[in-house]
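Remarks on the structure that follows.
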Ligand SMILES: Cc1ncc(COP(=O)(O)O)c(C=O)c1O
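In structure tokens form, the structure reads like this:
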């Protein structure tokens with residue numbers, strides 16, 4: 110019996126970690142592993158940016174490694190403000206931006222600052238698994254609206270009208286999404302903002318994948334709330350400039366909320382990693398971000414095409430939506446998994462053990478994700494992506510479900 114607090118013990122161990130450990134164990138045993146689990150960029154960060162950064166650190170190490178005020182490097186906040194203007198045409202003053210230790214911390218800070226214990230938050234089901242865990246940790250109640258294949262994983266606007274503001278004080282969602290990769294429709298975006306304004310509800314908008322869009326465009330929800338009255342936006346540098354281990358994210362939102370967020374951030378770790386703040390700053394002001402995105406987006410798109418096509422051909426009974434953004438395929442494998450008579454968690458563990466193919470079970474993203482698989486398509490080359498799907502097919506055949 111663990112002696113840890115009840116609060117921490119209330120969070121169940123996420124099967125995500127179990128599968129990551131499984132992949133490590135298989136590698137140690139010399140098995141060739143096809144790892145589709147990581148939500149991380151498939152190419153290294155921009156070489157030119159890194160060289161520039163290292164040169165600057167050499168010139169003045171003290172500047173790059175010292176403490177700094179909690180809100181973050183003023184130069185970086187100003188650069189983000191310019192970047193938001195450039196890509197989204199929106200005006201966010203630098204003093205309304207807080208730099209955080211990754212998007213993950215930004216999510217925690219935002220939920221803890223906007224909501225009290227016992228308040229309800231609206232999540233779209235399925236959603237990023239951390240949302241559910243944070244809600245549990247902060248003792249929030251959760252309302253849900255389902256997102257299904259039939260609507261391209263967009264939630265039903267009627268459900269949002271029914272729940273946001275009346276049953277839930279806030280909605281939290283990502284676009285482009287994890288795990289479904291969908292970009293929110295304009296209709297849903299409009300509904301959310303109309304209801305939020307009318308009922309004074311919070312909109313927490315997670316834009317970690319905003320630059321990874323292959324067809325269509327990212328939805329700048331902020332344009333429907335230009336004064337940022339109801340909207341708090343959570344961003345990340347993990348996916349677009351590809352420094353997930355650098356742990357850097359940011360938040361911008363209403364001017365009365367920002368000081369409270371900064372206060373909480375000050376308690377939780379003082380300030381986001383300072384060297385990484387400089388690195389992100391160099392990325393933004395020297396054009397490295399733009400160059401890097403121009404280089405990686407066609408690669409990710411080609412991998413997306415190969416993964417989608419390969420999966421559809423090899424696993425014909427799965428329901429599969431072609432992602433226009435983000436990093437993930439999210440096929441519904443119900444015909445196979447239910448015929449095998451196992452849970453999706455058991456399915457992924459057996460698949461890993463028997464074929465070295467490691468994918469995430471959809472149920473960790475919510476009840477509506479059950480019997481789906483989350484498959485990252487950006488981290489492997491085209492041929493390797495398809496090789497792993499061939500092994501998945503073999504696994505289904507050996508289990509006599511295909
Ligand atoms: C939807 C979403 N939001 C936020 C994050 C957090 O990213 P980070 O903490 O690395 O910035 C992730 C990471 O995968 C994500 O998928």
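Residue numbers (this note's numbering): 110 to 511. Beta carbons: idealized from backbone N, C-alpha and C, even for Gly. Owing to the predicted nature of the structure, the values given are computational and were not obtained by experimental measurement.
Start-to-end residues for the beta strand (DSSP E) that takes in residue i
i	result
residue 311	311 to 315
residue 340	340 to 345
residue 486	It is not in any beta strand (DSSP E) - residue 486 carries neither H nor E in the DSSP assignment.
residue 457	Here residue 457 belongs to no beta strand (DSSP E); instead the alpha helix (DSSP H) covers 453 to 464.
residue 171	Not the beta strand (DSSP E): residue 171 falls in the alpha helix (DSSP H), residues 170 to 174.
residue 500	It is not in any beta strand (DSSP E) - residue 500 instead sits in the alpha helix (DSSP H) that spans 491 to 507.
As assigned by DSSP and simplified to three states, the class of residue i
i	result
residue 229	strand
residue 154	coil
residue 301	helix
residue 481	strand
residue 269	helix
residue 401	helix
residue 219	helix
residue 246	helix
residue 414	helix
residue 192	helix
residue 423	helix
residue 337	coil
residue 149	coil
residue 113	coil
residue 306	helix
residue 332	helix
residue 511	coil
residue 294	coil
residue 119	coil
residue 354	helix
residue 165	helix
residue 475	coil
residue 380	coil
residue 178	coil
residue 183	helix
residue 197	helix
residue 274	coil
residue 93	The question about residue 93 has no answer, for the chain in this structure spans 110 to 511.
residue 159	helix
Residues bridged to residue i (per DSSP)
i	result
residue 234	255
residue 264	256
residue 441	428, 481
residue 446	Beta-bridge pairing links residue 446 to no other residue.
residue 361	206, 342
residue 144	467
residue 281	232, 313
residue 434	322
Residue i Cβ short of 6 Å to ligand 1 heavy atom set
i	result
residue 123	no
residue 353	yes
residue 315	yes
residue 213	yes
residue 236	no
residue 345	yes
residue 148	yes
residue 287	yes
residue 283	yes
residue 396	no
residue 358	yes
Where the alpha helix (DSSP H) containing residue i begins and where it ends
i	result
residue 321	Where residue 321 is concerned, there is no enclosing alpha helix (DSSP H), given that its DSSP letter is neither H nor E.
residue 389	383 to 394
residue 132	124 to 137
residue 367	367 to 376
Does the region 433 to 447 come close enough to the region 481 to 492 that 3 or more CB-CB pairs lie under 8 Å?
yes
Do the region 491 to 506 and the region 132 to 150 make contact, defined as three or more Cβ pairs closer than 8 Å?
yes
Counting Cβ pairs closer than 8 Å, one from the region 384 to 394 and one from the region 269 to 278, do we hit at least three?
Judged by Cβ distances under 8 Å, the region 384 to 394 makes no contact with the region 269 to 278, as fewer than three pairs qualify.
Is it a yes or a no for the region 371 to 388 touching the region 168 to 187, going by three-plus beta-carbon pairs under 8 Å?
yes
Report yes or no: do the region 456 to 469 and the region 119 to 131 share at least 3 C-beta pairs separated by less than 8 Å?
At 8 Å Cβ cutoff, the stretches touch.
The region 158 to 166 / the region 355 to 366 touching (three or more Cβ pairs under 8 Å):
no
Does the region 274 to 287 come within contact of the region 223 to 243, defined as at least 3 CB pairs closer than 8 Å?
The region 274 to 287 vs the region 223 to 243: in contact.
Tell me whether the region 368 to 376 and the region 344 to 353 touch, counting them as touching only if at least three CB pairs, one residue from each stretch, are closer than 8 Å.
no
Three or more C-beta pairs closer than 8 Å, one from the region 464 to 477 and one from the region 412 to 420: is that the case here?
Judged by Cβ distances under 8 Å, the region 464 to 477 makes no contact with the region 412 to 420, as fewer than three pairs qualify.
Are the region 281 to 296 and the region 255 to 264 in contact at 8 Å, needing three or more beta carbon pairs?
Yes: at least three Cβ pairs fall under 8 Å.
Using 8 Å as the cut-off, can you tell me whether the region 243 to 255 makes contact with the region 429 to 436, which would need three or more C-beta pairs spanning the two stretches below that distance?
These segments do not touch.
Is the region 189 to 208 touching the region 230 to 246 in the sense that three or more CB pairs, one from each, lie closer than 8 Å?
Because the criterion of three Cβ pairs below 8 Å is not met, the region 230 to 246 and the region 189 to 208 do not touch.
Given 8 Å, three or more beta-carbon pairs between the region 399 to 414 and the region 313 to 330
The region 399 to 414, when compared against the region 313 to 330, does touch it at the 8 Å Cβ threshold.
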